[in-house]
Structures are given as C-alpha cells and as structure tokens.
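Residue numbers (the numbering used here): 26 to 415.
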C-alpha cells in the first residue's frame, strides 16, 4: 500500500504543505489548473526552490493579484464556492472536511454555531487555496493511507485577527484535540489552524515511527527562518503491513506501577474500572520488591487518548504513588466474526487474517462454556463441533 507520511518536527502550515507535496512530485501546473476550477480570479502560485538551515526544498506562495476577492467569508460561502466548482467529488469532500474542522473549532472558541463562524485568516483567498490545494495534491499522489508524526506546535505568541494570542492559537488548540503534539521547540507559531486542520481531516494514523520502505522525500519551506530548519518533511513509501490490508499498526501507551502494600482483593475492582474506561489490556505479574517483599506489577495498555483517565484511576484506586509510562507499537491483525451452527447451538467465531490467509479461528469461550453446561458435555466436545462446522 502506498503511504504518505508527514514528519512535522517543525510544525505544519498550509503553504509548507503545498511546498512539500510539490517537492514530492505534484505537478505545479496541474495544481494551479485545478485551483482555477474554483472560479476565483486574481491569484496565482509562485513556486520556487528555497532553503532553511542547509536543507533545500520547495516554497509555494499564493500571490494575490487583486484585493477584490480578499474578503472574510462564512462557512456556507466557502461550501458554495467548492460545491459549485468542477473539482472532483473526492477533492470537494476532502476540502470541505478540512474547512469543517476549522469551523467546529472556531465555533467552540467563540461559543457560536459553526454556520455563524466568520472566517478571518482561513477565509482569505490564500488560505482557501492552501486547503483546497492540499486536497488536490493528496489526490494527485494517489496514496492509500496518510500517516503523521506527533506535531510540533511551537511557542510564544502570534498576532491574529482578534489580537495577540498564545501559541497554539485557540482554534489550533481545539483542532489538535486527540492528536499527539509537542510544544516549545521554537518561539513562534509552528503549526497554524490550516495546517492542523489538514492533518485532523486527512491523517489515518498518528505514529512515532515510519515503518515504511521510503521511495521519495519532499520538503516544504516555511516563511520563518529560526534556529531549526523551518521545513515540513514528507515521505512517500510502501508499507509491508499495509500492503496486505490485514494488519493495523498503531501507537499505544503502557502504564506500569509496582505495588506491595495493597489488599490483593482490590485488583478485581481496579481491573473492572480500567476495562470500563477503555483499557486494552490489564494484567498483574508477581514480583519481588525491595527488602524481598512480595508485590505485584500492575500493567495497563491504553490507547493514547485514554491515558489521562487511566492515570486518574490508578492514582485514585491503588496504593501506588508513581507510574511508569512508555509508548509501544501494536500490530493488530484484521479480524471478522462469523457464526457457526453446531448441533449444540450457535457459536460466534473470531477469524483472523494475515497476508490474505486465515491464521487463527477462535470460538467465543463464554458461548462454548454455556453450551457445555446446558448439554452436559465437555468444552473439548463443543470445540470439536465448532471446528467440524467451520
């Protein structure tokens, strides 16, 4: 499967994204021709090589030729502009999805409905070109999946339509909810609302490692020139796991704590709370602690977005006063549930796939258990009947 990977070590903006994707191979003439389908006159793209801290890349600037079309717009005006164009349906849908991310964020910040959002920076013509251009470029590359690294937001303050705002700007802070982010590497706005919205609407997975066979690299050059290379790096590559469509790879967080001063009866209660809150795995390992005291290692595997609630449960419900946490990578096989009719009754079977082949078929234990009790036969007898009818 063909994968596009965003390496946002220095953040992302709309123009950096266009530059990176053009540097990766998108034809600038094709991009400008597609943008022309918006039927807005008075702008053109300036595409030129540029460099930051010794790294060469492509800089794309939307040059405004006429101020007649420079206006603030509501969401419906932008939706009409896109829907009435002759762009492909996929480009329209992706463009609208990106704008919707911005609208929802602005609506929350200003406590209004998204239909009443009055776009400022993002409603300007250059930002419309950045967002629709992002959809055009991604479709041009014909990728099967889009991934991204954690996103650098920057620091300090930024001047917006409403005055000086802390970085990330309020809209950006809303858009990046549930995204893995970093802050403080630079003292300026590294990720703009437009850049954040492009990622939020189009990225399939946020991962810390590439896990790709890289075929091409591109760099989009940003406006600022600070202490680090202000570039957006993108990769095209092939994913061994993705090619089969039978394996999903994702980041997760392992939380661990050693406990030697808690009633072991409490573990059942704590495990129930953790599972109900979304833990993927909870398990307990006997350990020998300092002074040869017997204890337990409590391990909790959580998705990135559930880490906060897991910590809350562990600190509130256990005797632990400290936790270890580290990011791991999970490889998950595709699975489907099939129903198998046996002479004892119906049993659900989980069927797992790898590289196009079935590698595991597991009957649901609780159903087998209930059928064994009902018919007064062994679990092995139920299992044999299920396998016979698969």
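From the three backbone atoms N, C-alpha and C, an ideal C-beta is built for every residue, glycine too.
{"Asked": "Taking the C-alpha atoms as reference points, what is the distance between residue 225 and residue 126?", "Found": "7 Å"}
{"Asked": "Assign residue 407 to one of two classes, buried (16 or more other C-beta atoms within 10 Å of its C-beta) or exposed (fewer than that).", "Found": "buried"}
{"Asked": "Three-state secondary structure (DSSP) at residue 53?", "Found": "helix"}
{"Asked": "Starting from residue 81, follow its DSSP beta bridges and name the residues at the other end.", "Found": "76"}
{"Asked": "What is the C-beta distance between residue 240 and residue 263, in whole angstroms, given that I count them as a contact (C-beta under 8 Å)?", "Found": "7 Å"}
{"Asked": "Would you decide whether residue 371 is buried or exposed? Buried here means 16 or more other CB atoms lie within 10 Å of its CB.", "Found": "exposed"}
{"Asked": "Are there 16 or more other CB atoms within 10 angstroms of the CB of residue 310, so buried, or fewer, so exposed?", "Found": "exposed"}
{"Asked": "So for residue 162, helix, strand or coil by DSSP?", "Found": "helix"}
{"Asked": "Can you give me the C-alpha to C-alpha distance between residue 52 and residue 373, rounded to a whole angstrom?", "Found": "51 Å"}
{"Asked": "Going by DSSP, what residue range makes up the alpha helix (DSSP H) through residue 122?", "Found": "114-135"}
{"Asked": "Using the beta-carbon count (16 or more within 10 Å), is residue 219 buried or exposed?", "Found": "buried"}
{"Asked": "Just mark residue 215 as buried or exposed, buried being the case when its beta carbon has 16 or more other beta carbons within 10 Å.", "Found": "buried"}
{"Asked": "Report yes if the CB atom of residue 199 is closer than 8 Å to the CB atom of residue 122, and no otherwise.", "Found": "no"}
{"Asked": "Taking 8 Å as the threshold (C-beta atoms), are residue 124 and residue 156 in contact?", "Found": "yes"}
{"Asked": "Between which two residues does the alpha helix (DSSP H) containing residue 168 stretch?", "Found": "From DSSP, residue 168 is part of no alpha helix (DSSP H); its letter is neither H nor E."}
{"Asked": "When the Cα atoms are used, what is the spatial distance from residue 356 to residue 184?", "Found": "43 Å"}
{"Asked": "Would you call the CB atoms of residue 163 and residue 117 closer than 8 Å?", "Found": "no"}
{"Asked": "Could you work out which residue in 109, 315, 304 and 308 is closest to residue 336 when comparing CA atoms only?", "Found": "304"}
{"Asked": "Indicate the three-state DSSP secondary structure (helix, strand or coil) for residue 393 in the structure shown.", "Found": "helix"}
{"Asked": "Using 8 Å as the Cβ pair cut-off and three pairs as the minimum, do the segment 27-34 and the segment 167-181 touch?", "Found": "yes"}
{"Asked": "Based on the DSSP secondary-structure assignment, which residues constitute the bridge partners of residue 324?", "Found": "281 and 308"}
{"Asked": "Please report how far the alpha carbon of residue 25 lies from the alpha carbon of residue 66, in whole angstroms.", "Found": "Outside the displayed span of the chain (26 to 415) sits residue 25, for which this structure offers no information."}
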